[in-house]
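A short write-up of the structure that comes next.
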Amino acid sequence: MKLTLPACLFVLLLCYFSLWQAASPPASAAQRPGYNILFIALGDLRPELGCYGNRLIKTPNIDRLASRGARFEQAYAQYPLCNRDER
């Protein structure tokens, strides 16, 4: 396949401008707040916590953490598997 000079220049300019755009920081980056994300995933823990409405099991620290963050009410595992604990 023979590339012509205009086609090569077009590809080079396209690469240059895409890299230049990716290297420049967005204008509103200083205005956005930073987020701290803590994702707790336990393989065999059902929603048997106080933050999900269970009154028998007392989990005050997890309840306090859940009240200040986001909880997943409808989360599904695409490959559920229960393994033995490694001790």
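For the sequence shown, the working numbering gives the first residue as 65, with consecutive numbering after it. Even glycine gets a Cβ: it sits at the ideal position worked out from N, Cα and C.
Whether residue i touches residue j by CB criterion (7 Å)
i, j, result
"Ile-126", "Leu-113", "yes"
"Cys-115", "Ala-105", "no"
Residue i versus the options, residue with shortest Cα-Cα distance
i, options, result
"Phe-136", "Leu-83, Arg-119 and Pro-111", "Pro-111"
"Gly-133", "Ala-139, Gly-117, Lys-122 and Tyr-99", "Tyr-99"
Residue i: first and last residue of the uninterrupted alpha helix (DSSP H) it sits in
i, result
"Asn-118", "Note, Asn-118: premise wrong, no alpha helix (DSSP H); not H, not E."
"Arg-128", "124-131"
Any C-beta of chain C under 7 Å from that of residue i
i, result
"Phe-74", "No chain C is present in this structure, which holds just one protein chain."
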